[in-house]
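Heads up, the thing below is written out as structure tokens.
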Amino acid sequence: MEDNAAAQPSRITKYARPALIAGIVIAVVCIALLIIILALDSFNAAAYSVTGKSVNDATDEAREIRDLYSGARIGGIIALVISGVVAVLSAVVLYRNRGNAPADGDDDGEDYDLDDLTGR
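Going by my numbering, the residue at position 99 of the sequence shown is 1249; the numbering climbs one at a time, nothing skipped.
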């Protein structure tokens, strides 16, 4: 066995980069979803209030309008929080293991410049 001075990266490190990317993508999608829900709620409230009614009334119709997107809103917030936590934790893992990259097995330490690659 070889004795390396640098600590070997853990198994979780190889999953940290895809988890970071997935967490960021899901967070962006959730933010877009929540913005769309806000716009739809505002439109529904404006359309309902044209007739002189308010969505803050105690009627069943007003309550249904208020609760129309509540499931999607709660799901979007939960997914946003979970993806944010995943993104932060994977960023921390990547930051802590930034100097512990495994050595490339086929790297012999030789440098190539443009002349070597073009055959000049």
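Glycine included, every Cβ here is placed at the ideal spot set by N, Cα and C.
| Item | Value |
| --- | --- |
| With a threshold of 16 other CB atoms inside 10 Å of the CB of V1205, please say whether the residue is buried or exposed. | buried |
| What does a CB cutoff of less than 8 angstroms around E1152 pick up in its chain, not counting 5 residues either side in sequence? | For E1152, the predicted model reports a pLDDT of 49, less than 50, meaning its position is unreliable; a value from the coordinates is still stated below. Same-chain partners within the cutoff: there are none. |
| For a test of the three-state rule: what should DSSP assign to K1164, helix, strand or coil? | helix |
| Quick check: the Cα distance between V1179 and I1227, rounded to an integer number of angstroms? | 11 angstroms |
| Do N1220 and A1169 have their C-beta atoms within less than 7 angstroms of each other? | At residue 1220 the sequence reads Ser, which differs from the Asn that was named. Taking 7 angstroms as the Cβ cut-off, S1220 and A1169 do not qualify as a contacting pair. |
| Distance check for Y1245 and A1208, CA to CA, integer angstroms please. | 52 angstroms |
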